[in-house]
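A quick write-up on the structure given underneath.
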Amino acid sequence: MNAETHRRQSIAPDPVPHGQQELFPAERKWSALRRAAPPEPRPEAGRLLTAFDAHARAHAWTDGAREAAAHVLRIAATWLGTSVPFADSDLRAISAATGRGSQCRPLALNAFLAERGLLLPQPRPATSSTEVFVKQVIDGYPPRIADELDSWVRRLRSHPDRPPTDWRALRRYLFYVKGPLGDWAHRYQTLRQVTDIRSAVTAVKGDRAHERAVALRSIFRALKRAKLIFTDPTRGVRVTRSEPPPTTLPPDRLAGLLDITDRPAIRFALALVTVHALNGTGLARLTLGDVISARAQLLVRRPHGRHTVHLDEVTLQLLHTWLRYRHRRWPRTVNPHLFVTRQTVIHTGPASANYFPATFQRLGLTLNGLRTDRVRDEARDTADPVHLVRVFGISISTAMKYVHTAHPHRASIIPR
Numbered sequence: 001m002n003a004e005t006h007r008r009q010s011i012a013p014d015p016v017p018h019g020q021q022e023l024f025p026a027e028r029k030w031s032a033l034r035r036a037a038p039p040e041p042r043p044e045a046g047r048l049l050t051a052f053d054a055h056a057r058a059h060a061w062t063d064g065a066r067e068a069a070a071h072v073l074r075i076a077a078t079w080l081g082t083s084v085p086f087a088d089s090d091l092r093a094i095s096a097a098t099g100r101g102s103q104c105r106p107l108a109l110n111a112f113l114a115e116r117g118l119l120l121p122q123p124r125p126a127t128s129s130t131e132v133f134v135k136q137v138i139d140g141y142p143p144r145i146a147d148e149l150d151s152w153v154r155r156l157r158s159h160p161d162r163p164p165t166d167w168r169a170l171r172r173y174l175f176y177v178k179g180p181l182g183d184w185a186h187r188y189q190t191l192r193q194v195t196d197i198r199s200a201v202t203a204v205k206g207d208r209a210h211e212r213a214v215a216l217r218s219i220f221r222a223l224k225r226a227k228l229i230f231t232d233p234t235r236g237v238r239v240t241r242s243e244p245p246p247t248t249l250p251p252d253r254l255a256g257l258l259d260i261t262d263r264p265a266i267r268f269a270l271a272l273v274t275v276h277a278l279n280g281t282g283l284a285r286l287t288l289g290d291v292i293s294a295r296a297q298l299l300v301r302r303p304h305g306r307h308t309v310h311l312d313e314v315t316l317q318l319l320h321t322w323l324r325y326r327h328r329r330w331p332r333t334v335n336p337h338l339f340v341t342r343q344t345v346i347h348t349g350p351a352s353a354n355y356f357p358a359t360f361q362r363l364g365l366t367l368n369g370l371r372t373d374r375v376r377d378e379a380r381d382t383a384d385p386v387h388l389v390r391v392f393g394i395s396i397s398t399a400m401k402y403v404h405t406a407h408p409h410r411a412s413i414i415p416r
């Protein structure tokens with residue numbers, strides 16, 4: 001037996017006996033499987049693999065994804081047995097050790113195992129990485145300033161009158177004020193000594209100045225309400241953000257849009273964007289319950305409520321085509337969202353926020369550009385902001401911007 005044959009021989013010891021208790025938690029090392037041949041499945045593992053193959057085919061998995069997930073499950077079931085749940089961390093480690101991480105879909109395999117009570121979910125950490133990062137940044141400042149920033153974080157995270165501020169927003173705020181906070185940390189011992197807010201804000205231009213002003217206002221207002229400073233130095237500091245007027249796409253880019261793809265979902269999405277001016281978030285949040293086929297209507301969720309879209313004949317036909325394709329391709333999915341992908345059919349969540357913008361970009365289009373062009377065309381024809389609000393469900397301030405962009409001679413100042 002040569003060395004290569006020895007390295008490729010199957011490694012498959014007896015599975016862990018059922019009922020054997022764990023003396024202490026230990027992380028399994030699956031790196032030895034990198035050069036080992038796939039083990040022969042035991043009878044109980046074979047039955048589980050047969051059920052998984054039927055599940056994957058019923059949900060229209062691709063051959064590569066099905067084979068990669070079956071390989072991971074085969075190793076786990078042979079080594080660990082099928083009488084106890086599999087740990088999510090073990091499945092991911094096996095996938096990485098065997099080089100199948102790029103093809104195996106952990107969420108899909110986990111959903112199959114969870115249906116049979118064979119999945120031990122990975123416990124979520126009590127502290128997120130973003131929270132740890134925020135605390136590390138704050139701890140890097142002098143003690144008194146760090147204590148004041150801690151008080152700011154605690155107030156935003158436990159405000160009695162509104163939901164807690166997300167840790168990602170706090171991270172962005174600290175990034176916006178990194179420059180002035182670093183300067184003040186060398187000059188002052190406490191934020192009570194800070195008075196030169198305006199110079200700190202005007203040190204940058206445009207949107208960066210606006211973002212810095214908002215972050216500083218949040219910090220000093222919280223400290224003032226906590227009675228850690230006597231006066232709020234950000235009071236009276238105002239930075240307006242200059243928003244460019246909506247732009248339009250060249251007319252030749254809009255011709256024959258539906259002919260550039262044969263994918264039913266993307267053709268339907270193109271119609272919703274170019275005719276009814278839906279954005280990417282609105283597309284991803286649509287559910288099957290939002291479709292009212294009898295009335296040719298679609299209910300779209302907006303921050304200020306629901307907007308009713310009256311579907312034209314072409315868009316309605318594209319909707320029916322997509323629904324028929326969706327049912328034929330994934331007849332057993334329980335995902336309630338109108339748009340599903342190969343990644344989301346195995347759970348109930350929406351498509352990612354970047355799915356539609358990225359798909360449009362691969363077609364040489366921009367989702368926001370198509371949407372803006374549609375609203376601007378309507379503004380040219382009507383010049384009535386109330387009409388734009390009713391047709392597209394946008395806010396009155398946004399509608400006014402489109403009207404003044406389409407008819408600049410009617411007003412020189414866009415109202416805020």
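So for the sequence shown, the working numbering puts the first residue at 1; every next one is plus one. Built from N, CA and C at the ideal position, the CB exists for glycine as well. Keep in mind that this is a model prediction, so the values were computed, not measured.
Span of the beta strand (DSSP E) around residue i
| i | result |
| --- | --- |
| R302 | 297 to 302 |
Simplified DSSP assignment, three categories, for residue i
| i | result |
| --- | --- |
| T130 | helix |
| H407 | coil |
| T372 | helix |
| P233 | coil |
| L254 | With a pLDDT of 49 at L254, under the threshold of 50, the predicted position of this residue should be treated as unreliable, and no value is reported. |
| T165 | coil |
| H387 | helix |
| Q189 | coil |
| H59 | coil |
| E67 | helix |
| V177 | coil |
| I260 | coil |
| T202 | helix |
| M400 | helix |
| W30 | coil |
| V137 | helix |
| E40 | coil |
| L80 | helix |
| D196 | coil |
| R380 | helix |
| G364 | coil |
| L228 | coil |
| T50 | helix |
| R238 | coil |
| T419 | The structure shown does not extend to residue 419, since the chain is modelled only from 1 through 416, so no value can be given for it. |
| N110 | helix |
Per DSSP, cross-strand counterpart(s) of residue i
| i | result |
| --- | --- |
| A440 | Nothing can be reported for residue 440: it is not among the residues displayed for the chain, which extend from 1 to 416. |
| R306 | R301 |
| I292 | Q297 |
| T287 | H337 |
Delimiting residues of the alpha helix (DSSP H) encompassing residue i
| i | result |
| --- | --- |
| S352 | It is not in any alpha helix (DSSP H) - S352 carries neither H nor E in the DSSP assignment. |
| I394 | I394 -> no alpha helix (DSSP H), and no H or E assigned at all. |
| A269 | 264 to 276 |
| Q343 | Taken as a continuous stretch (DSSP letters only), Q343 belongs to no alpha helix (DSSP H), as it is neither H nor E. |
| D207 | 207 to 225 |
| D316 | For the sequence presented, residue 316 should be read as Leu rather than Asp. Where L316 is concerned, the enclosing alpha helix (DSSP H) stretches over 313 to 329. |
| R154 | 143 to 157 |
Distance between beta carbons of residue j and residue i, contact taken as under 8 Å
| i | j | result |
| --- | --- | --- |
| A222 | L156 | 7 Å |
| P385 | I396 | 6 Å |
| L109 | V72 | 7 Å |
| R371 | V273 | 5 Å |
| N335 | T348 | 5 Å |
| A97 | S31 | 5 Å |
| T339 | L270 | The residue you asked about is not Thr; residue 339 is Phe in the sequence shown. No, F339 and L270 are not in contact; Cβ-Cβ is about 12 Å, not under 8 Å. |
| T344 | I266 | About 15 Å separates the two Cβ atoms, so there is no contact after all. |
Residue from the options whose Cα sits closest to the Cα of residue i
| i | options | result |
| --- | --- | --- |
| S457 | T165, P85, R208 | In the structure displayed, the chain extends from 1 to 416; residue 457 sits before or after that span and is not available. |
| V314 | T231, A65, L370, L257 | L257 |
| V375 | P350, T366, T398, A353 | T398 |
| V237 | F220, G81, A226, R225 | F220 |
| D232 | I197, R263, D262, G206 | I197 |
| R263 | A294, F356, Y188 | F356 |
| V214 | L228, I229, A169 | A169 |
| I114 | A294, D88, A58 | At residue 114 the sequence reads Ala, which differs from the Ile that was named. Ranking the options by Cα distance to A114, first place goes to D88. |
| L239 | G289, R225, K205, A93 | The amino acid at residue 239 is misidentified as Leu; the sequence shows Val. Among G289, R225, K205, A93, the Cα nearest to that of V239 belongs to K205. |
| G289 | G282, L283, R302, H337 | H337 |
| R79 | E40, T261, L316, D139 | Per the sequence presented here, residue 79 reads as Trp, with Arg not at that position. When each option's Cα is compared against that of W79, the closest is E40. |
| L120 | I138, D147, S83, R225 | S83 |
| L323 | A185, R92, V291, D150 | V291 |
| A294 | L316, V132, G282 | L316 |
heavy atom of the ligand MG below 7 Å from residue i C-beta
| i | result |
| --- | --- |
| F133 | This structure lacks the ligand MG, and indeed carries no ligand of any kind. |
8 Å Cβ cutoff, residue i in contact with chain B
| i | result |
| --- | --- |
| T165 | Of the protein chains in the structure, only one exists, and it is not chain B. |
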